[in-house]
Ligand code: CA
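In this note's numbering, the protein residues as written are 38 to 262.
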């Protein structure tokens, strides 16, 4: 897998190159936003720093999205909720705040790639283990928790399946509402929250569907209790 690292800080870029190489990723690095587009062909995932010397990272993100569908993970020291929303609205697939755990970064890289349908297609596998004892079966349309079937409404199932497909990456509220309900209306956010609350209760693992404040939700695998 080839990862394009857009980062002006030599030290950060070198550390990233070393870390990602250990996970069998081929790293290419550019330090300026304007240098990104020529490097996109053959790139599987872009890691994009927002603070660049020439063009703002969000503008770079928008241009990458215009040029094609290479997944983009924004990696930035800017951590406010507003920045995250902006990043996701500019077409980023996910957002990580510095300093971050390399293991988490690697997991997110694989997740955004799966979601774009390039890597191992998680969605084609009808059975997904969401966490210890929790299994989602798309073919049978069932959720099993600790060996017992749990009844979900169609909407609850759709929300959970979208989160599962994202493989731990954040799903924005807009995306969840658009894909599950097909439209937006004034009470959409509240309805989504109610469905997530019910899901958490039915999962019996409140931490499994994690809130990304101001952005959306994501599955937190492993946080079973
Ligand atoms: Ca920077």
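We put the beta carbon where it would ideally sit given N, CA and C, even for glycine.
Give the straight-line distance between the Cα atoms of residue i and residue j, rounded to the nearest whole angstrom.
i	j	result
residue 94	residue 238	39 angstroms
residue 175	residue 164	6 angstroms
residue 263	residue 44	Nothing about residue 263 can be reported from this structure: the residues present for the chain run from 38 to 262 only.
residue 179	residue 42	40 angstroms
residue 96	residue 127	8 angstroms
residue 227	residue 235	12 angstroms
residue 80	residue 61	15 angstroms
residue 251	residue 73	29 angstroms
residue 257	residue 67	32 angstroms
residue 87	residue 138	18 angstroms
residue 46	residue 129	21 angstroms
residue 213	residue 240	19 angstroms
residue 190	residue 49	46 angstroms
residue 84	residue 112	6 angstroms
Can you tell me whether residue i is buried or exposed, with buried defined as 16 or more other CB within 10 angstroms of its CB?
i	result
residue 132	buried
residue 104	exposed
residue 254	buried
residue 114	exposed
residue 186	exposed
residue 90	exposed
residue 231	exposed
residue 157	Caution is warranted here: a pLDDT of 43 is assigned to residue 157, below 50, making its placement in the model unreliable, and no coordinate value can be reported.
residue 148	buried
residue 150	buried
residue 145	buried
residue 203	buried
residue 193	buried
residue 152	buried
Residue i by DSSP, collapsed to three states: which one?
i	result
residue 70	helix
residue 262	Residue confidence is low: residue 262 scores 38 on pLDDT, short of 50, so the model does not pin down where it sits. Its coordinate-derived value is still stated next. Coil.
residue 190	coil
residue 103	helix
residue 250	coil
residue 228	helix
residue 211	helix
residue 205	coil
residue 39	strand
residue 158	Residue confidence for residue 158 is low, a pLDDT of 43 falling below 50, so the modelled location carries little weight and cannot support an answer.
residue 130	coil
residue 238	helix
residue 77	coil
residue 89	coil
residue 255	strand
residue 166	strand
residue 46	coil
residue 185	strand
residue 63	strand
residue 119	helix
Comparing C-alpha positions only, which one of the options sits nearest to residue i?
i	options	result
residue 210	181, 243, 125, 134	125
residue 170	47, 88, 38, 242	242
residue 121	177, 228, 208	208
residue 77	108, 52, 88	108
residue 110	206, 257, 223, 234	206
residue 54	142, 222, 88, 74	142
residue 69	84, 233, 101, 92	92
residue 71	49, 99, 48	99
- Is it true that the stretch 191 to 201 meets the stretch 211 to 221, where meeting means three or more beta-carbon pairs spaced less than 8 angstroms apart? yes
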